[in-house]
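Everything in the sequence shown is counted per numbering that gives the first Met the number 0, starting at 0 for the first residue and increasing by one.
To keep things clear, I will list the structure first and then write my remarks on it.
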Amino acid sequence: MPPEIRGLDHVGVMVADLDQASRFLAETLGLELDREAEVPALDVRARFYKCGPVTIEVFEPNDPATAAAALGGAAAKLEHIAIRVEALPAALSELGEQGVRFLHDEPVVTGPNLSAYTDPASSAGMIFQLFSPKPEG
Numbered sequence: 000m001p002p003e004i005r006g007l008d009h010v011g012v013m014v015a016d017l018d019q020a021s022r023f024l025a026e027t028l029g030l031e032l033d034r035e036a037e038v039p040a041l042d043v044r045a046r047f048y049k050c051g052p053v054t055i056e057v058f059e060p061n062d063p064a065t066a067a068a069a070l071g072g073a074a075a076k077l078e079h080i081a082i083r084v085e086a087l088p089a090a091l092s093e094l095g096e097q098g099v100r101f102l103h104d105e106p107v108v109t110g111p112n113l114s115a116y117t118d119p120a121s122s123a124g125m126i127f128q129l130f131s132p133k134p135e136g
């Protein structure tokens, strides 16, 4: 059974220069900065820009060697597609039963949410971030 999807939330773009990408999105495209985040669990700095009903996340790994290896000389690459799900544990179970694997053993904290990232080898070559709000308490 497929997970209960609530909608597309954002696309995540890894960049070599977060400030340069931010200037382009804000000054050239006129997009509004929605929020900034440090994500220690993933060792990245991120900025989120509203683009209609969807958000564009640009993020830069804190480790330059990680960024260089992942980008392979490119200035940016589409890295993941983020989908809100009704209940992350149920989604992980349902997808796991269908052979989908995840990049981390446990969901990671991403701001107010818990997230899991699909292993692209098990999700048609793409990385999907599935997330839902952290349980209260």
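Every residue gets a Cβ at the ideal spot worked out from N, C-alpha and C, and that includes glycine.
Beta-bridge annotation (DSSP): His-9 is paired with Thr-54 and Ala-81. One thing to note: Leu-32 has its Cβ within 8 Å of the Cβ of Ala-25. In the structure shown, Leu-41 adopts coil according to DSSP, grouped into three states. Excluding sequence positions up to five before and after Leu-77, its CB lies within less than 7 Å of the CB of Val-10 and Val-12, all in the same chain and listed in chain order. Sequence-distant Cβ neighbours of Val-43 in its own chain, meaning closer than 6 Å and more than five residues away, are Phe-58 and Pro-60. According to DSSP, residue pairing for Val-107 in a beta bridge involves Ser-114.
Ala-40 sits away from Val-84, with the two beta carbons spaced by 8 Å or more.
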